[in-house]
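Going by my numbering, the letters in the sequence shown line up with residues 98 to 496, in that order.
Here is the structure we will look at, set down as structure tokens.
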Amino acid sequence: MNLIKPMSLDAWLVLLENRHQHEIQLGLTRVKQVADRLGLCHLNTCVITVAGTNGKGSTVAALEAIYHVAGMRVGCYTSPHLLAFNERICVNQAPITDENLCAAFDVIEKARGEIDLTYFEMTTLAALYHFKWCALDVVILEVGMGGRLDATNIIDADLAIITTIDLDHEAYLGDTIEAIGYEKAGILKADQLFVYADYSPPASVLEQAHALNIYPICLGRDYAYHAAADRLSITSDAGLNIQLYRPGLHLNAAAAAIIASDLLRGVLPVTDLQWDKAMRMVGLTGRQQIIPGPVMTVLDVAHNPQAALLLAEFVRSFDRRGKVHAVFSGLKDKDLCGLIRPMVGCVDFWYLAILTGKRGSSETLLQSALQAETGTKAPCFSSPELAFHVAKQQANPGD
């Protein structure tokens, strides 16, 4: 039965988390039916869709910064959130208000009738509903998982970006790079602009692009970047040759955002100076984020082996004399050993933490994975906050 009385955001989130029997249910039929009822399948503005195993959030952040600096009205849909659910839906870098989010949920709830929607599908429709009425110049959509059957794929984007492809969510996307590439390439539409932000795209991606008459703009073939000190140079076969400030983001993501915005310059004009200013201001909370102090803190939400490898390389890049203390947790459907393995050589002390929610790993799972990779166990705490507090107490200046 549909709800008719006003609800708080907290109440909505509890309802959405508990109502649907499947946390993940891929497929576009149900979500598209509701979107059609609300006229949400066409946003009447330029749309960029970003898929990939890692680097989606950084790419979206770079694009958002570029268009914000250029004075455009920008809508961004990302997931998951870090601290507040509202972070997922932003306009001009400001999260949606509780009032507007609840209003969107209410409209969608009434429109869905007896159609069953997952947590992510309801959230996606709420974002599209909000963006539809905000008179935006550009909308940037981050794919939740995969691409072909992800709820964001009901929208035909003007430009698609695939950041990286590696093993993750194998139960849903397949257990090979080619299978996962096929799912992520499902965001592609005929004659679309397409940037592949990594080297050596899988054959499944290239085949899908070819079938849709798309020429993929690939890192290492069609464009390149070079970083030195505080500068980032980007060149492309299309004639781009630019020197910019080196941002505090993964450079594959920054370069992809520059190339994508260059391809769209005809409809979304951006100057070289605006690119540079955007690279100076962009950052992403929880992605190789440094908090300076006597004990330097690095926050990173690496959640698959490829991301953990990048984090390990980042930690090793510092000229340090102190010890590395790592607070670690993960979801029970993740490759916990694969997350720990790249970090083993650069971590001195481990602190395990239990995550709330049905998908959080138990202490037994965490200890088993850590022992398998390091041969040791570690103290386990009831929350990441408590584990972090203890780790900070144990650390010495220079750690």
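Built from N, CA and C at the ideal position, the CB exists for glycine as well.
So, for Q371: in the same chain, excluding its five sequence neighbours on each side, which residues have a beta-carbon less than 8 Å away from its beta-carbon? Within the sequence shown, residue 371 is the residue found at index 274, counting from 1. Taken in chain order, the residues that qualify are I163, V166, A167.
Here's the rule I'm using: 16 or more other beta-carbon atoms within 10 Å means buried, otherwise exposed. How should A352 be labelled? Walking along the sequence shown from the start, residue 352 turns up at place 255. It is buried - the Cβ of A352 has at least 16 other Cβ atoms within 10 Å.
Which runs of the beta strand (DSSP E) fall wholly inside the region 415-482 and span at least 3 residues, in chain order? 422-425, 446-450
Could you give the DSSP three-state label for T273: helix, strand or coil? Taking the first residue of the sequence shown as position 1, residue 273 is located at position 176. Here T273 sits in coil by DSSP.
Whole-angstrom C-beta distance between V240 and G278, which should lie under 8 Å: Within the sequence shown, numbered from 1, the residue matching residue 278 stands at position 181. Within the sequence shown, numbered from 1, the residue matching residue 240 stands at position 143. Wrong, their Cβ atoms sit about 14 Å apart, outside the cutoff.
Between the CA atoms of S458 and A409 - distance to the nearest angstrom: Locating residue 409 in the sequence shown gives position 312, where the first residue counts as 1. Locating residue 458 in the sequence shown gives position 361, where the first residue counts as 1. In a straight line, the C-alpha of A409 is about 22 Å away from that of S458.
What residue range is occupied by the uninterrupted beta strand (DSSP E) comprising A324? Your numbering for residue 324 matches position 227 in the sequence shown. Segment 320-325, the beta strand (DSSP E) holding A324.
Simplified DSSP state of M98, which is helix, strand or coil: For the purposes of this step, residue 98 is identified with residue 1 of the sequence shown, where counting begins at 1. Below a pLDDT of 50, predicted positions are generally treated as unreliable, and M98, at 43, falls in that range; no measurement from the model is reported.
Would you say the region 170-181 touches the region 230-246, given that touching needs at least three Cβ pairs under 8 Å? yes
Which stretch, first to last residue, makes up the alpha helix (DSSP H) that contains N349? Translated into positions along the sequence shown, residue 349 becomes position 252. 348-360 is the extent of the alpha helix (DSSP H) around N349.
Grouping DSSP H, G and I as helix and E and B as strand, with all else coil, what is N250? On the sequence shown, residue 250 is found 153 positions in, with the first residue counted as 1. Helix.
Taking Cβ positions, are A405 and I356 nearer each other than 9 Å? Along the sequence shown, read from residue 1 onward, the residue named residue 405 stands at position 308. Along the sequence shown, read from residue 1 onward, the residue named residue 356 stands at position 259. No.
Cβ-Cβ distance between V292 and L256 below 9 Å: The residue you call residue 292 lines up with position 195 of the sequence shown. The residue you call residue 256 lines up with position 159 of the sequence shown. Against a cut-off of 9 Å, the Cβ pair of L256 and V292 comes out as a contact.
T273 and Q403 - do their beta-carbons sit closer together than 9 Å? The residue given as residue 403 occupies position 306 in the sequence shown. The residue given as residue 273 occupies position 176 in the sequence shown. Contact: no.
Distance, N401 Cα to G435 Cα: Here the question's residue 435 lines up with position 338 in the sequence shown. Here the question's residue 401 lines up with position 304 in the sequence shown. Roughly 7 Å separates the two Cα atoms.
Exposed unless 16 or more other CB atoms sit within 10 angstroms - verdict on Q468: By one-based count along the sequence shown, residue 468 stands at place 371. Result: exposed.
Span of the alpha helix (DSSP H) holding V392? Sequence index remark: in the sequence shown, residue 392 carries index 295 (1-based). From DSSP, V392 is part of no alpha helix (DSSP H); its letter is neither H nor E.
Which two residues bound the contiguous beta strand (DSSP E) that contains S541? Because the chain is modelled from 98 through 496, residue 541 falls outside the range shown and cannot be assessed.
Tell me whether F228 is buried or exposed, calling it buried when 16 or more other Cβ atoms sit within 10 Å of its Cβ. Position 131 of the sequence shown, counted from the start, is the residue given in the question as residue 228. Its Cβ being crowded by 16 or more others within 10 Å, F228 is buried.
Spatial neighbours of L462 within its chain, please: CB distance less than 7 Å, with the 5 preceding and 5 following residues excluded, ordered by chain position. Residue 462 sits at position 365 when you count from the first residue of the sequence shown. So the qualifying residues of the chain are K429, L433.
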